[in-house]
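J.:
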Amino acid sequence: MKFSGLKNTVATVLGGLMISQAGAVLAHNQAGSFTTGLAAGIDFYQVSCFDDGAGAPSYAEAQVKDMTANSSKVGIVLQKGTTPCTANKCAQASTDTTDTDAAYSPLIRVTQGSGVYNLFVSHSTAGTDSYDVQVHCKTATNVHTGTSVSSKQQQ
Amino acid sequence: MRIVKKPEMGIPILVMMSSLAVAAGNVLANDASNADSRAVFNSLESLQISCNANESQESNRELSAKLMNLASSNNPLDRVSALSQLAGKGSVDANIVQKILQAALRDPDSNVRAQAVYALAQQNCADVPLILEQALQDSELSVRLMAVDSLSADEKGASLLEQALSDEEEAVRELAAMKLETSSK
Numbered sequence: 003m004k005f006s007g008l009k010n011t012v013a014t015v016l017g018g019l020m021i022s023q024a025g026a027v028l029a030h031n032q033a034g035s036f037t038t039g040l041a042a043g044i045d046f047y048q049v050s051c052f053d054d055g056a057g058a059p060s061y062a063e064a065q066v067k068d069m070t071a072n073s074s075k076v077g078i079v080l081q082k083g084t085t086p087c088t089a090n091k092c093a094q095a096s097t098d099t100t101d102t103d104a105a106y107s108p109l110i111r112v113t114q115g116s117g118v119y120n121l122f123v124s125h126s127t128a129g130t131d132s133y134d135v136q137v138h139c140k141t142a143t144n145v146h147t148g149t150s151v152s153s154k155q156q157q
Numbered sequence: 016m017r018i019v020k021k022p023e024m025g026i027p028i029l030v031m032m033s034s035l036a037v038a039a040g041n042v043l044a045n046d047a048s049n050a051d052s053r054a055v056f057n058s059l060e061s062l063q064i065s066c067n068a069n070e071s072q073e074s075n076r077e078l079s080a081k082l083m084n085l086a087s088s089n090n091p092l093d094r095v096s097a098l099s100q101l102a103g104k105g106s107v108d109a110n111i112v113q114k115i116l117q118a119a120l121r122d123p124d125s126n127v128r129a130q131a132v133y134a135l136a137q138q139n140c141a142d143v144p145l146i147l148e149q150a151l152q153d154s155e156l157s158v159r160l161m162a163v164d165s166l167s168a169d170e171k172g173a174s175l176l177e178q179a180l181s182d183e184e185e186a187v188r189e190l191a192a193m194k195l196e197t198s199s200k
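So the sequences go chain by chain: Y and C. Our numbering applies: residue 3 is where the first sequence begins, and numbers increase by one. Our numbering applies: residue 16 is where the second sequence begins, and numbers increase by one.
Below you can see the structure in the form of C-alpha cells.
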C-alpha cells in the first residue's frame, strides 16, 4: 500500500491550515491507496483525539472520497468502543458510492470522548483504489480540537 | 502494424500490436544501477483511438474546458481526476475526449493510464475490446486491473477474462474470476 509520506509513521496531519477572514479552518486529510489491488485489502489508522487547548474532545467525525473511478467503491468504518455503546454508537460506516465526482461520502460521527478511535478503510472489490479521508476531533460545542492520525496497516 | 478501418468512423485506426511496440523500443527500463528496477511496458503507448460524439447529449463547454485544464496539469492526481470525471459520462466534446484519452494512454504515470483505460471503456470510442486486450499486457498492475474491470460479459470479454485468470497478480485473477462468476449467473 502506498502511503503518501512515510509509511507506518505517525502522521500528525496538520495539512491545510488556512486562515481566512471567516476564521481558522483545520483540515486533517489522510491520503492512501490499495496498491495490492486485493479486495481483502484494509488500511487501518488510529485517530487520537486530545485537548490541544481548544477543549476536551467529544466526538470524531470522518468521511472518505474515492478518487478512482471503477467498479470498486471505497468505504470507512470509524469505531471506538471503550464504553458501553448504549447511549452513543460505537461505530459508524460511510461509503463514497459516486467515484466520478469530487464529493466525499456522507459525514459520520462517533461520540466517544477523548482517546483513540479506530479508522478502517476498505473497498468493495479488487482494484487499485486511491482515497482521501477527512477526519476531525471536535468538542461538544463543535470546536475543532487536537487530532492526530497514525497509520497501523497498509494493504 | 495492423490497420483497422471502420467504415462508420471514416477514420482509419492504426493499431500497433504489442509485439511491434516492444520491437520499437517501448520497453522502458529504470536506471540499471537500481537493483529493484524492472522493465516497464506501456502496452497502450502506440494505440490511436477514435471517439464519436454522443448525439443524444449536447457538449458542456465549461465542463470540457475544465477537464482539459485538469488533464494538462503537471500533477498526476489532477490528471486522474479529469479522467475519473470523464468516466462519469459527462457531456464533453468528443474531440476533447479523444485528446484527453490519447494523451493519457501515453502518460508516464501508470495510475493515469489505468484511469484512462476505464474512462475510455465508458465512452463512445472505437475498438474498446482491442484496447482492453492490449491493456491486459501492460506491466503495471493498476492498468491490468482496470482492463479487467472494464471488460463486458460478451463473448470477447469473457474470453479475455478467462485469459486474465492466469495473470501473475492475485488481484487480477480475483477480479476476473468474480466477473466471470457474476456473468454466469
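Note that the Cβ used here is the ideal one computed from N, Cα and C, for glycine as well. Everything numeric in this text was worked out from a predicted model, so none of it was measured.
Exposed or buried, what is residue 189 of chain C when buried is set at 16 or more other beta-carbons lying within 10 Å of its beta-carbon?
T.: Within the second sequence, residue 189 of chain C is the residue found at index 174, counting from 1. Buried, because 16 or more other Cβ atoms sit within 10 Å of the Cβ of residue 189 of chain C.
J.: Compute the distance between the beta-carbons of residue 36 of chain Y and residue 100 of chain Y, then report whether it is under 9 angstroms.
T.: The sequence position of residue 36 of chain Y within the first sequence is 34, counting from 1. The sequence position of residue 100 of chain Y within the first sequence is 98, counting from 1. Going by C-beta atoms, residue 36 of chain Y is not nearer than 9 angstroms to residue 100 of chain Y.
J.: Cutting at 7 angstroms between CB atoms, please list the residues of its own chain near residue 79 of chain Y, excluding the five before and the five after it.
T.: Working through the first sequence from its first residue, we reach residue 79 of chain Y at position 77. The answer, listed in chain order, is 93, 95, 122.
J.: Under the rule that 16 or more other beta-carbon atoms within 10 Å means buried, what is residue 127 of chain C, buried or exposed?
T.: On the second sequence, residue 127 of chain C is found 112 positions in, with the first residue counted as 1. So residue 127 of chain C ends up on the buried side.
J.: By the 8 angstroms beta-carbon criterion, what residues does the stretch 122-133 of chain C contribute toward chain Y?
T.: 126, 129, 130, 133
J.: Is there a Cβ of chain C sitting closer than 9 angstroms to that of residue 96 of chain Y, yes or no?
T.: Here residue 96 of chain Y refers to the residue found at position 94 when the first sequence is read from its first residue. Output row for residue 96 of chain Y: interface = no.
J.: Counting only beta-carbon separations shorter than 9 angstroms, does residue 167 of chain C have a partner in chain Y?
T.: Reading the second sequence from its first residue, position 152 is the one you call residue 167 of chain C. Chain Y, which has no Cβ nearer than 9 angstroms to the Cβ of residue 167 of chain C, makes this no.
J.: Report the residue from Y:141, Y:74, Y:109, Y:113 whose alpha carbon sits nearest the alpha carbon of residue 135 of chain Y.
T.: Position 133 of the first sequence holds residue 135 of chain Y. Among Y:141, Y:74, Y:109, Y:113, the Cα nearest to that of residue 135 of chain Y belongs to Y:109.
J.: What are the complete alpha helix (DSSP H) segments, minimum 4 residues, inside the stretch 80-156 of chain C?
T.: Listed in chain order, they are 91-102, 109-120, 125-137, 143-150.
J.: Leaving out the 5 sequence neighbours to the left and right, which residues in its chain are closer than 8 angstroms to residue 101 of chain C when beta-carbon positions are compared?
T.: Position 86 of the second sequence, counted from the first residue, corresponds to residue 101 of chain C. 82, 107, 112, 115, 116, 134, 137, 138, listed in sequence order.
J.: Counting only beta-carbon separations shorter than 9 angstroms, does residue 25 of chain Y have a partner in chain C?
T.: Your numbering for residue 25 of chain Y matches position 23 in the first sequence. Residue confidence is low: residue 25 of chain Y scores 34 on pLDDT, short of 50, so the model does not pin down where it sits. No coordinate-derived value is stated.
J.: Is residue 96 of chain C close to chain Y? Criterion is C-beta to C-beta, closer than 9 angstroms.
T.: Residue 96 of chain C sits at position 81 when you count from the first residue of the second sequence. Cβ-Cβ to chain Y under 9 angstroms: yes for residue 96 of chain C.
J.: With DSSP run on the structure shown, which of helix, strand or coil describes residue 165 of chain C?
T.: Along the second sequence, read from residue 1 onward, the residue named residue 165 of chain C stands at position 150. DSSP places residue 165 of chain C in helix when its eight states are reduced to three.
J.: Beta-carbon of residue 73 of chain C versus every beta-carbon of chain Y: anything under 9 angstroms?
T.: Translated into the one-based positions of the second sequence, residue 73 of chain C becomes position 58. No, residue 73 of chain C lies away from the interface with chain Y (no Cβ there is under 9 angstroms from its Cβ).
J.: Can you tell me which of the three DSSP states residue 2 of chain Y falls into?
T.: Only positions 3 to 157 of chain Y appear in the structure, and residue 2 of chain Y is not among them; the question remains open.
J.: Taking a contact to mean a Cβ-Cβ separation below 9 angstroms, would you say residue 126 of chain Y touches residue 71 of chain Y in this structure?
T.: Along the first sequence, read from residue 1 onward, the residue named residue 126 of chain Y stands at position 124. Along the first sequence, read from residue 1 onward, the residue named residue 71 of chain Y stands at position 69. No, Cβ-Cβ distance for residue 126 of chain Y and residue 71 of chain Y is not below 9 angstroms.
J.: Do the CB positions of residue 114 of chain Y and residue 45 of chain Y come within less than 9 angstroms of each other?
T.: Within the first sequence, numbered from 1, the residue matching residue 114 of chain Y stands at position 112. Within the first sequence, numbered from 1, the residue matching residue 45 of chain Y stands at position 43. Against a cut-off of 9 angstroms, the Cβ pair of residue 45 of chain Y and residue 114 of chain Y comes out as no contact.
J.: Can you give the beta carbon distance from residue 133 of chain Y to residue 67 of chain Y, rounded, assuming they're within the 8 angstroms contact cut?
T.: Locating residue 133 of chain Y in the first sequence gives position 131, where the first residue counts as 1. Locating residue 67 of chain Y in the first sequence gives position 65, where the first residue counts as 1. About 6 angstroms; that satisfies the 8 angstroms criterion.
J.: Determine, using beta carbons only, whether residue 105 of chain Y comes closer than 9 angstroms to chain C.
T.: Taking the first residue of the first sequence as position 1, residue 105 of chain Y is located at position 103. Chain C, which has no Cβ nearer than 9 angstroms to the Cβ of residue 105 of chain Y, makes this no.
J.: If residue 48 of chain Y and residue 144 of chain Y are in contact, beta carbons under 8 angstroms, what's the gap, nearest whole angstrom?
T.: Start at 1 with the first residue of the first sequence, and residue 48 of chain Y comes out as number 46. Start at 1 with the first residue of the first sequence, and residue 144 of chain Y comes out as number 142. Contact doesn't hold; Cβ gap of about 23 angstroms is too wide.
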